[in-house]
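Okay, so here's the structure we're looking at.
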Amino acid sequence: MASALSERRLLSSRTECAHMARYDASKVEPKWRAVWEDRASFAAGDDPDKPKYYVLEMFPYPSGRIHMGHVRNYAMGDVVARVKRAQGFDVLHPMGWDAFGMPAENAAMERKTHPGTWTYANIDAMRGQLKLMGLSLDWSREFATCDPEYYAQQQSMFIDFLDAGLLTRRNATVNWDPVDMTVLANEQVIDGKGWRSGAVVEKRDLTQWFFRITDVADELLSAIDTLEGWPEKVRTMQRNWIGKSEGLQMRFDIAENDLLPDGEQLEVYTTRPDTLYGMGFAAISPDHPLAKALDSKVPGLDAFRAECKAMGTSEEALEKAEKKGFDTGLQVRHPFTDELFPVYVANFILMDYGTGAVFGCAAHDQRDLDFARKYGLKVLPVVAPEGDAAFTVEAEAYTGPGMMINSDFLNGMEIEAAKQTVADRIAERGMGEKKTNYRLRDWGISRQRYWGCPIPVVHCESCGIVPEKKENLPVRLPDDVSFDKPGNPLERHETWKNVPCPACGKDATRETDTMDTFVDSSWYFARFCSPRAGTPTERDKVDRWLPVDQYIGGIEHAILHLLYSRFFARAMAKTGHLSEASIEPFKALFTQGMVTHETYQSEDGKWLSPDEVERTGNGATANGKPVTVGPIIKMSKSKRNTVDPEAIIAGYGADCARWFMLSDSPPERDVEWTEAGVEGAARHIQRVWRLTEEALDRLPAHGAPAPDIDGAALDLRKVTHKTIKAATEDIAAFRFNKAVARLYELTNAVAGFKGTGAAADWALREALETLAKLMAPMTPHLAEECWATLGCDGILADTAWPEAEDALTVDDLVTLPIQINGKRRAEIQVAADASKDDVEAIALAEPEVVKFLDGATPKKIIVVPGRIVNVVV
RNA sequence: GCGGGCGUAGUCCAACGGUAGAGACAGAGGACUUAAAAUCCUUCCAGUGUGGGUUCGAUCCCCACCGCCCGCACCA
Numbered sequence: 003m004a005s006a007l008s009e010r011r012l013l014s015s016r017t018e019c020a021h022m023a024r025y026d027a028s029k030v031e032p033k034w035r036a037v038w039e040d041r042a043s044f045a046a047g048d049d050p051d052k053p054k055y056y057v058l059e060m061f062p063y064p065s066g067r068i069h070m071g072h073v074r075n076y077a078m079g080d081v082v083a084r085v086k087r088a089q090g091f092d093v094l095h096p097m098g099w100d101a102f103g104m105p106a107e108n109a110a111m112e113r114k115t116h117p118g119t120w121t122y123a124n125i126d127a128m129r130g131q132l133k134l135m136g137l138s139l140d141w142s143r144e145f146a147t148c149d150p151e152y153y154a155q156q157q158s159m160f161i162d163f164l165d166a167g168l169l170t171r172r173n174a175t176v177n178w179d180p181v182d183m184t185v186l187a188n189e190q191v192i193d194g195k196g197w198r199s200g201a202v203v204e205k206r207d208l209t210q211w212f213f214r215i216t217d218v219a220d221e222l223l224s225a226i227d228t229l230e231g232w233p234e235k236v237r238t239m240q241r242n243w244i245g246k247s248e249g250l251q252m253r254f255d256i257a258e259n260d261l262l263p264d265g266e267q268l269e270v271y272t273t274r275p276d277t278l279y280g281m282g283f284a285a286i287s288p289d290h291p292l293a294k295a296l297d298s299k300v301p302g303l304d305a306f307r308a309e310c311k312a313m314g315t316s317e318e319a320l321e322k323a324e325k326k327g328f329d330t331g332l333q334v335r336h337p338f339t340d341e342l343f344p345v346y347v348a349n350f351i352l353m354d355y356g357t358g359a360v361f362g363c364a365a366h367d368q369r370d371l372d373f374a375r376k377y378g379l380k381v382l383p384v385v386a387p388e389g390d391a392a393f394t395v396e397a398e399a400y401t402g403p404g405m406m407i408n409s410d411f412l413n414g415m416e417i418e419a420a421k422q423t424v425a426d427r428i429a430e431r432g433m434g435e436k437k438t439n440y441r442l443r444d445w446g447i448s449r450q451r452y453w454g455c456p457i458p459v460v461h462c463e464s465c466g467i468v469p470e471k472k473e474n475l476p477v478r479l480p481d482d483v484s485f486d487k488p489g490n491p492l493e494r495h496e497t498w499k500n501v502p503c504p505a506c507g508k509d510a511t512r513e514t515d516t517m518d519t520f521v522d523s524s525w526y527f528a529r530f531c532s533p534r535a536g537t538p539t540e541r542d543k544v545d546r547w548l549p550v551d552q553y554i555g556g557i558e559h560a561i562l563h564l565l566y567s568r569f570f571a572r573a574m575a576k577t578g579h580l581s582e583a584s585i586e587p588f589k590a591l592f593t594q595g596m597v598t599h600e601t602y603q604s605e606d607g608k609w610l611s612p613d614e615v616e617r618t619g620n621g622a623t624a625n626g627k628p629v630t631v632g633p634i635i636k637m638s639k640s641k642r643n644t645v646d647p648e649a650i651i652a653g654y655g656a657d658c659a660r661w662f663m664l665s666d667s668p669p670e671r672d673v674e675w676t677e678a679g680v681e682g683a684a685r686h687i688q689r690v691w692r693l694t695e696e697a698l699d700r701l702p703a704h705g706a707p708a709p710d711i712d713g714a715a716l717d718l719r720k721v722t723h724k725t726i727k728a729a730t731e732d733i734a735a736f737r738f739n740k741a742v743a744r745l746y747e748l749t750n751a752v753a754g755f756k757g758t759g760a761a762a763d764w765a766l767r768e769a770l771e772t773l774a775k776l777m778a779p780m781t782p783h784l785a786e787e788c789w790a791t792l793g794c795d796g797i798l799a800d801t802a803w804p805e806a807e808d809a810l811t812v813d814d815l816v817t818l819p820i821q822i823n824g825k826r827r828a829e830i831q832v833a834a835d836a837s838k839d840d841v842e843a844i845a846l847a848e849p850e851v852v853k854f855l856d857g858a859t860p861k862k863i864i865v866v867p868g869r870i871v872n873v874v875v
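The numbers in our numbering rise by one with no breaks, and the one at position 89 of the first sequence is 91.
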């Protein structure tokens, strides 16, 4: 067998045809993919004898083509899946499509097609591309969220959630594009105009559905502590997003006036009740009901409110904007001193946080201080830093710790005690109570869109809101719709919209809003456990597979998607679709970095794509004209700095793309795609192949018993087993770049192996088989080809992960550096297990050390076994 | 403004508080070749952003500053 192969190899190298002189990925890769597919190698088994492992990468939006970000994401997930599988786990590694959303509708408008047609065509294209990557996916579980079978179950759960009180309906202000007749997300509003239509965006109050996520805000917050497998960064982001603050909600009496009936109160929220004696004014949001009520009664207020509105509500503009207020003429009475304070409408008060009203304490809040200085309002410090009785405030508010002053019964207290005391006193008087507030808002899911999951309710004049009967689900999207007119086609689809009431049978109308696409992606991980079930989940399946053991995706989903999924898992547990054990759906999370590339601009400022550009030393040209090389940024269509994965796979092979994606940069960091880097990866793949083939002649049979091993053969075995140990640990810890480096080391050791004889041949086979096994998670096609070439049993995808022999991972002799006063002066060779005393003795006998000591007695000798000896003189 | 991350050779990156260098890319020289490609061998280069501190010893821990990146952001 071996000789026949080698004969062919010799022949081929001479004739450069027939057998591979070079490794040809375009031939090898499809072959192994077909083998895996035929054998259903990657189907999850529901095998009760094996421990389960669920690895999931965030499923893609079917935009039409995969991009390098996908390649990186799925390459990483596949490494995890393949290693776990080889380690004996029953692995669930599924793939699907996050398929609803606006791009499909936009495409429908532009191309006069149906969003579904466009979406499914894209899915077909992208599935084909993904399959080229050779991922160990269980394709039998594939679904798209726009499949009626999927959204039927989502609608069913919507009804369960409705019954369980997890949903509510209320008015909310939205960005409304009057031309497109649709709601816009904040990101779609650019300079106050709709991104597509360019029309000035209006604020509109619409009745919308909300998931009551704020009801579990505290639970979502406290459970973050249990997410030990999540990056600290993401946990912090979620905590900040939920934004818990504890304070006092209290009511001020409004002094008698001509504008309002007597006895009106102003309710405010504060986290600093201790500063109540430092109050200088009260302020309300321009959108506060009181401001609205006074709008026409107080001259000039309408103009001020209009001015605030015109300023917009977008982040940074607000930050820089000047604090402005308008005195309403109203006054509120201090609950303890009866002092009266003016009530301002102020542009920096947010209506949707707290009560939309505050009391201002200028001395201890910078915004309040700026405001008070501008309008000549009272500034009275009530907290003094320790030992500063004559404390005053100038331009900077004091927010640090200290002792209460100027505060009657609070004087001398610490801040915390004062907070407590004020809260108690206010509560005693029935003027307020402690309240916890959250930055987190309820999750509004109504979208005035066609291409989404229909909200399965009917509006009946007699019965009100009536959920669709479950046996009638799904409420299907009608196919006969057109996008030639603006607005939601469901609104004008008379036969779809007008239906009898499910309760009373009278004429009624369907809800025409569809659900936010974040709903679709909030439970797909559970659906993968039984993707064809007639219920949203099957309890035995989700109980076995969930939680997801390893979730991998981009940091851009650190907040919304993950928070919504955490909420959904709780809601599903509450309605019986999941067990309580799965309310945290993702046990471990990994957020990978982006794929970046240089940018190129021609002389006239046009962006150029990498394949139009030729790099020349430090510069670059396109068609002979000079090109400006710009910053290295995330691949994006607008900057044209993308590289097409399919072209790379066609040119270099999937293994090469995968290997490169895992090399060099730590996976959580950005990686720069470079042509040189890819070529390096390709060279390595060729090298592994060549080393394998060239060794065939001398190798003993697969599984041959080991002869006595020593010398060079033993050294190689040590490298092999050290590599097994290190690479396995590196992969488990998501240090793929280091695992790759280990494999280069093993490859270099094989390439430089000089051993001869039976022991050497045996060790060489072990090294090559191990190299194939260890590379398999990253370059699976190459690894299978090497495995087969080496004449091994079965296929590598079914072969167990190698185990390191501990005895071979440690050296007998170690080289220890000797430091004298922290500087390296000599080194010694000692037995790895030498005692501290022995090492010390050897070190002190070392000529260099003797010379340095020059007869003196060392003050101290530090021996770190296996590491270093430091002699302090 | 608040919170977090990063800063090591020309580049990407490694180094339980212990010899600054594992690996890759790029560069240089050489071998093989009619030549090129491919391959192989050899090899130059830095002392860890800056300044302090802790320590026998700091790339690593602490403090301050500089630079870059990310998240949140008038949240009462």
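Idealized CB from N, CA, C, for every residue including glycine. Remember, predicted model here, so these are calculated numbers, not experimental data.
Exposed unless 16 or more other CB atoms sit within 10 angstroms - verdict on residue i
i: glycine 402; result: exposed
i: glutamine 532; result: The sequence shown places serine at residue 532, not glutamine. Serine 532 should be labelled buried.
i: glutamate 771; result: buried
i: cysteine 658; result: buried
i: phenylalanine 361; result: buried
i: asparagine 643; result: buried
i: proline 50; result: exposed
i: alanine 729; result: buried
i: leucine 320; result: At leucine 320, the pLDDT of 49 sits below 50, so the modelled position is not reliable; the number obtained from the coordinates is stated separately. With fewer than 16 Cβ atoms within 10 Å of its Cβ, leucine 320 is classed as exposed.
i: phenylalanine 145; result: buried
i: glutamate 318; result: Only weak support is given to the placement of glutamate 318: the predicted model assigns it a pLDDT of 42, under 50, and the question is left unresolved by the model.
i: isoleucine 467; result: exposed
Assumed close pair residue i, residue j - CB separation to whole angstroms, cut-off 8 Å
i: alanine 359; j: alanine 284; result: 7 Å
i: glutamate 850; j: alanine 828; result: 4 Å
i: lysine 325; j: phenylalanine 350; result: 5 Å
i: asparagine 413; j: leucine 382; result: About 13 Å; that fails the 8 Å criterion.
i: arginine 237; j: leucine 229; result: 6 Å
i: proline 458; j: phenylalanine 102; result: At roughly 15 Å, the Cβ-Cβ gap does not stay under 8 Å, so proline 458 and phenylalanine 102 are not in contact.
i: leucine 475; j: alanine 42; result: With 8 Å as the limit, leucine 475 and alanine 42 do not qualify as a contact, their Cβ atoms being about 32 Å apart.
i: leucine 818; j: isoleucine 830; result: 5 Å
i: lysine 589; j: glycine 231; result: 5 Å
i: valine 384; j: glycine 280; result: 4 Å
C-beta contact flag for residue i and residue j at 8 Å
i: isoleucine 651; j: valine 85; result: no
i: valine 629; j: glutamine 603; result: yes
i: threonine 175; j: arginine 214; result: no
i: phenylalanine 530; j: leucine 223; result: no
i: valine 270; j: proline 779; result: no
i: glutamate 31; j: histidine 783; result: yes
Reference residue i, options the options, closest by Cα
i: glutamine 552; options: Ser43, Asp49 and Val57; result: Val57
i: glutamate 396; options: Ala374, Asn413, Phe411 and Glu388; result: Ala374
i: arginine 826; options: Val424, Gln603, Val176 and Arg869; result: Arg869
i: histidine 599; options: Leu591, Ala624 and Thr676; result: Thr676
Check: residue i C-beta below 7 Å from any heavy atom of the ligand SAM
i: alanine 27; result: Because no ligand of any kind appears in the structure shown, any question about the ligand SAM cannot be addressed here.
Quiz item: Counting pairs of Cβ atoms below 8 Å between the stretch 142-155 and the stretch 794-805, do you hit three or more?
Solution: No, the stretch 142-155 is not in contact with the stretch 794-805.
Quiz prompt | the stretch 113-121 / the stretch 560-575 touching (three or more Cβ pairs under 8 Å) | solution = Contact between the stretch 113-121 and the stretch 560-575 is absent, because fewer than three Cβ pairs lie under 8 Å.
Quiz item: Does the stretch 708-721 come within contact of the stretch 760-772, defined as at least 3 CB pairs closer than 8 Å?
Solution: They touch, by the three-pair rule.
Self-check item: At least three beta-carbon pairs within less than 8 Å, the stretch 174-185 to the stretch 439-452
Solution: The way I'd put it, the stretch 174-185 does touch the stretch 439-452; three or more beta-carbon pairs between them come closer than 8 Å.
Practice problem: Specify whether the stretch 97-113 and the stretch 159-177 touch according to this definition: at least 3 beta carbon pairs, one from each stretch, less than 8 Å apart. | Solution: Short answer: they don't touch.
Quiz item: Does the pairing of the stretch 461-472 with the stretch 499-515 give three or more beta-carbon distances under 8 Å?
Solution: Contact between the stretch 461-472 and the stretch 499-515 is present: three or more C-beta pairs spanning the two stretches fall below 8 Å.
Quiz item: If you pair each beta-carbon of the stretch 487-504 with each one of the stretch 531-549, do three or more pairs fall below 8 Å?
Solution: When C-beta atoms of the stretch 487-504 are compared with those of the stretch 531-549, fewer than three pairs fall below 8 Å, so the two segments do not count as touching.
Quiz item: Should the stretch 742-753 be called in touch with the stretch 684-697, which here means at least 3 C-beta pairs below 8 Å?
Solution: Touching, yes, given that three or more Cβ pairs across the two stretches are closer than 8 Å.
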